[in-house]
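*Asks:*
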Ligand SMILES: [Zn+2]
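Numbering (the working numbering), first residue to last: -14 to 180.
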């Protein structure tokens, strides 16, 4: 396992201003969303849009957030090595409460386009929501998480990197396992949303 930096530089970016009714992450305003609200939103999206469209919507939401995070990462740890700079993604994801990540392997050569990694995500809130409302799933259920990871890695690496969830707590596995490779190296992918 790779050893991650402390969270101090990430947590110092958060600021609570309850007198103004605001929470800030640097200069961007944020809100807290409860597990109950996220459950309601996710279930309503599945009912109203259908499973495939709901999954796609959450994946794209995660992808956009991950891409934004990667831009911030370049400024946050500009002179650190690749692993420490890349760790901003999984650590920022943990800071938002979606679960915490261990980097099992990460091997990248940005000049040649090589990128491969395995990430273990523990205590995924999306898996927890699915298990509580639907029970064990036949397919991976962490749509926002895989979108975030793919958006972060793609923007950070400057090429399309897709993270597929090959094991998922929502399927009864002990942890969620994300496997990252360039999109061109995945066979049979017809859409970013395929997990
Ligand atoms: Zn999962």
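Quick reminder that beta carbons are idealized off the backbone N, C-alpha and C, glycines included.
Please state whether DSSP places residue 115 in a helix, a strand or coil.
*Replies:* In this structure, residue 115 counts as helix in the three-state DSSP scheme.
*Asks:* According to DSSP, simplified to helix, strand and coil, what is residue 155?
*Replies:* Correct three-state label for residue 155: helix.
*Asks:* Counting Cβ pairs closer than 8 Å, one from the stretch 44 to 56 and one from the stretch 65 to 79, do we hit at least three?
*Replies:* The stretch 44 to 56 is in contact with the stretch 65 to 79.
*Asks:* When you compare each of 112, 167, 118, 4 to residue 157 by their alpha carbons, which one comes out closest?
*Replies:* Of the listed residues, the one whose Cα sits closest to residue 157 is 112.
*Asks:* Hey, is residue 75 close to ligand 1, as in C-beta under 8 Å from one of its heavy atoms?
*Replies:* Checking the Cβ of residue 75 against ligand 1 gives no.
*Asks:* For residue 26 and residue 89, what's the separation of their Cα atoms in angstroms?
*Replies:* Roughly 32 Å separates the two Cα atoms.
*Asks:* Between the C-alpha atoms of residue 23 and residue -3, what's the straight-line distance to the nearest angstrom?
*Replies:* Those two C-alpha atoms are separated by around 26 Å.
*Asks:* Is the beta carbon of residue 100 sitting closer than 9 Å to the one on residue 49?
*Replies:* In this structure, residue 49 does not lie closer than 9 Å to residue 100 by Cβ.
*Asks:* How far does the beta strand (DSSP E) with residue 0 in it extend, from its first residue to its last?
*Replies:* Residues -1 to 2.
*Asks:* Quick check: the Cα distance between residue -9 and residue 68, rounded to an integer number of angstroms?
*Replies:* Roughly 13 Å separates the two Cα atoms.
*Asks:* So, are the CB atoms of residue -1 and residue 80 less than 9 Å apart?
*Replies:* Yes, Cβ-Cβ distance for residue -1 and residue 80 is below 9 Å.
*Asks:* For residue 65, which residues from the same chain have a beta carbon less than 8 Å from its beta carbon, with the 5 sequence-adjacent residues on both sides left out?
*Replies:* Closer than 8 Å at the Cβ level, and outside the excluded window around residue 65, lie -10.
*Asks:* May I ask whether a heavy atom of ligand 1 can be found less than 8 Å away from the beta carbon of residue 145?
*Replies:* No.
*Asks:* On the DSSP letters alone, give me the boundaries of the alpha helix (DSSP H) that residue 83 sits inside.
*Replies:* Where residue 83 is concerned, there is no enclosing alpha helix (DSSP H), given that its DSSP letter is neither H nor E.
*Asks:* Over what stretch of residues does the beta strand (DSSP E) that includes residue 39 continue unbroken?
*Replies:* Here residue 39 belongs to no beta strand (DSSP E); instead the alpha helix (DSSP H) covers 36 to 61.
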